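J.: The number in the working numbering is simply the position in the sequence shown, starting from 1, with 1262 added.
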Amino acid sequence: MKKALFLAPALVLIQACSGQTDPPVKTPASQQETTSAQQTNPIQDLYNHYKDHKEASISSGTVSNGSLKNGRLFPFKGTNFIYFDSTSYLDKHAFVHQKVYETVLKTYERFEQIEPSFEFGLMECSKENGGKIWPHRTHQNGLSVDFMSPMLKNGVSTMDFNRLGLPHYLMDFNENGVYTEDSSYAIDFNLIAHHLLVLNEEAKKHGLKINKVILKIALKDELFATEYGQKLKTSGIYFATQLSDLIDSLHDDHYHVDFTIAD
Ligand SMILES: [Zn+2]
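1. Is Arg-1399 helix, strand or coil when you go by DSSP?
2. Could you check which residue in Thr-1369, Lys-1316, Ser-1446 has the C-alpha nearest to that of Asp-1422?
3. Taking DSSP as the reference, what is the three-state secondary structure of Gly-1340?
4. Quick one: give me the first and last residue of the beta strand (DSSP E) that Tyr-1447 is part of.
5. In chain order, which alpha helix (DSSP H) runs of at least 4 residues are fully inside the segment 1449-1486?
6. Taking Thr-1349 as the reference, which of Pro-1304, Asp-1408, Asn-1416, Thr-1496 has the closest Cα?
7. Which residues have their C-beta within less than 5 Å of a heavy atom of ligand 1, listed in chain order?
8. Given a cut-off of 8 Å, decide if Asp-1510 and Lys-1478 are closer than it, judged by their beta-carbon atoms.
9. Beta-carbon within less than 8 Å of Asn-1327's beta-carbon, same chain only, minus the 5 sequence neighbours each way: which residues are those?
10. For the alpha helix (DSSP H) containing Asn-1310, name the first residue and the last one.
11. Could you give the residue range of the alpha helix (DSSP H) that holds Thr-1420?
12. Using C-beta distances below 8 Å, list every residue in its chain close to Thr-1340, excluding the 5 sequence neighbours before and after it, in chain order.
13. Excluding five sequence neighbours on each side, which residues of the same chain lie with their C-beta closer than 7 Å to the C-beta of Gly-1427?
14. Between which two residues does the beta strand (DSSP E) holding Val-1519 run?
15. Please report how far the alpha carbon of Ser-1506 lies from the alpha carbon of Thr-1302, in whole angstroms.
16. Indicate whether the contact test is met: 3 or more Cβ pairs, each with one atom in the segment 1429-1443 and one in the segment 1465-1474, closer than 8 Å.
17. Checking contacts by CB at 8 Å: is Glu-1464 closer than that to chain D?
18. Decide if Pro-1412 is buried, meaning its Cβ has at least 16 other Cβ atoms within 10 Å, or exposed.
19. On the DSSP bridge list, what partners appear for Ile-1320?
20. Taking 8 Å as the limit between beta carbons, can you name the residues of its chain near Asp-1284, skipping five residues before and five after?
21. Would you list the residues sitting across from Lys-1415 in a DSSP beta bridge?
22. Below 8 Å between beta carbons: does that hold for Tyr-1490 and His-1456?
23. Tell me which same chain residues have a C-beta within less than 8 Å of the C-beta of Ala-1318, skipping the five on either side of it?
24. Which residue or residues does DSSP assign as beta-bridge partners of Val-1358?
25. Beta-carbon separation of Lys-1493 and Leu-1459 under 8 Å?
26. In the structure shown, what three-state DSSP assignment does Val-1407 receive?
27. Thr-1488 and Asn-1452 look like a contact to me (Cβ under 8 Å); what is the Cβ gap, rounded to whole Å?
28. So Phe-1409 and Cys-1387 are supposed to be a Cβ contact under 8 Å. How far apart are they, rounded?
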């Protein structure tokens, strides 16, 4: 279902994006071979350009009709997380409000102790100044983040799909969270629930509230049946209950979180 509805425009996006970003930022291949010691890293350059910005972030409007000022750019990679796609990153789709930035990174820092060998995946956020960001309906004011669903292979944590890039959004799972292309892979619902619980704690500490989580409706049973899912169910975190078929089908390989500023 997801592929049928989404594959064609997504492939167009992949092609369009790679065309946009390659020429201005990449060192020519011939130069890379001869001057590897001095070669530039466009991803690191982009992060360095924004990392010391200190002005207060301002999210205006709503997640579906809004803008962002003085957002923060996530690092492409940290100790236990990675941003999913270099083209998306270079297109500057990894900006968020500073409180979201601090909340998400502090949550990952806590998981360095909780799940030391696991690497999380961050997916699309907002553009530098917010606004419309295809193909998302929201993600417009720096308060929305897509989190890659952690996965298991034969019941054991795996990071096999962390570097799949943009096609990660097209991965399809059945109603039990099993990957349709290879049934040895399944969504790690317990880790999603644990992540959301810690994220919720950190959100409160950083002056935010989780306003809404979007996960495919048919997968919520599996999520709430896990050990941490049972705690999540009583946490008061709101999950979307009615979604269009397209939006519903998209939210299995990742889950979407909208924050609101609490103070
Ligand atoms: Zn999203």
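Ideal placement from N, C-alpha and C gives every residue a C-beta, glycine not left out.
Everything numeric in this text was worked out from a predicted model, so none of it was measured.
T.: Once the coordinates are examined:
1. coil
2. Nearest C-alpha to Asp-1422: Ser-1446.
3. coil
4. That run of the beta strand (DSSP E) goes 1447-1449.
5. 1451-1467
6. Pro-1304
7. Asp-1408, His-1518
8. yes
9. Gln-1402
10. Unbroken alpha helix (DSSP H) run through Asn-1310: 1304-1312.
11. No alpha helix (DSSP H) contains Thr-1420, which is instead part of the beta strand (DSSP E) from 1418-1420.
12. A small correction: the amino acid at residue 1340 is Gly; Thr does not occupy that position in the sequence shown. Excluding positions up to five away in sequence, the list reads Leu-1367, Tyr-1370.
13. Cβ neighbours of Gly-1427 beyond the five flanking positions: Phe-1346, Asp-1347.
14. 1516-1523
15. 44 Å
16. no
17. The structure shown contains no chain D; it is built from a single protein chain.
18. buried
19. Lys-1331
20. With a pLDDT of 40 at Asp-1284, under the threshold of 50, the predicted position of this residue should be treated as unreliable, and no value is reported.
21. Val-1418, Tyr-1447
22. yes
23. Asn-1332, Gln-1360
24. Answer by DSSP bridge pairing, in chain order: Arg-1334.
25. yes
26. strand
27. 4 Å
28. The pair is not a contact, with the Cβ atoms about 10 Å apart (cut-off 8 Å).
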